[in-house]
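These notes are about the structure you will find just below.
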Amino acid sequence: AKSDYTPLEIKKESVLIVPIIEETIENIQLKYPEAVIKIETLSNDYKIETDVFHFSNLVYNLLDNAVKYCSKTPEITIGISAENSTLKLAFIDNGIGISPKNISFIFDKFYRAQNEKSNEVNGFGLGLYYVKEICNLHNWKIKAENNSKNGITITLLIPFKK
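FYI, in the working numbering the residues of the sequence shown are 8 to 169.
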């Protein structure tokens, strides 16, 4: 039998990322008006080569998860910084975090963490898998780590030209 799998297609263009992220934040806040989301950046002029549709979906997925896996008022900071020829996007949330033994699995297809929120949160375990796939197609690196207090930080490392 032929597989249903069709590879994701990306159409890259050079775009300013801050306006795309701002628009995605507005969309998330329509769904979750209580969410406090801010961007911390030294420049609004960062440009990357990306597929705009998939990049905004990637940002949406990360913000959506950060809000859903939070037990108090969601506060999310998106830190954007440049080091040499790498743009770093850090999505820092104040959610419930992920157990250290499970954090390496969160980008796996169909993986859903078992925690106090997993019964309330609907999903198929495809959001972060999709995020990872988009990163792979762009040759970006992505990693997740628990914060010292609470929540997690998901960091994207994106090659870019200043």
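Glycine included, C-beta positions come from ideal geometry on N, C-alpha and C.
**Request:** Tell me whether the beta-carbon of L144 lies closer than 8 Å to the beta-carbon of I17.
**Result:** yes
**Prompt:** So who's on the other strand from K54, going by DSSP bridges?
**Reply:** L23
**Request:** Could you check which residue in C142, E29, N34 and L70 has the C-alpha nearest to that of I99?
**Result:** L70
**Secondary structure of F62, DSSP reduced to three states** = helix
**Prompt:** Should I87 and T48 be called a contact, given that it needs their Cβ atoms to be closer than 8 Å?
**Reply:** Yes, they are a contact pair.
**Prompt:** Would DSSP call A97 helix, strand or coil?
**Reply:** strand
**Request:** Would you decide whether N68 is buried or exposed? Buried here means 16 or more other CB atoms lie within 10 Å of its CB.
**Result:** buried
**Prompt:** Between T31 and A97, is the Cβ-Cβ spacing less than 8 Å?
**Reply:** no
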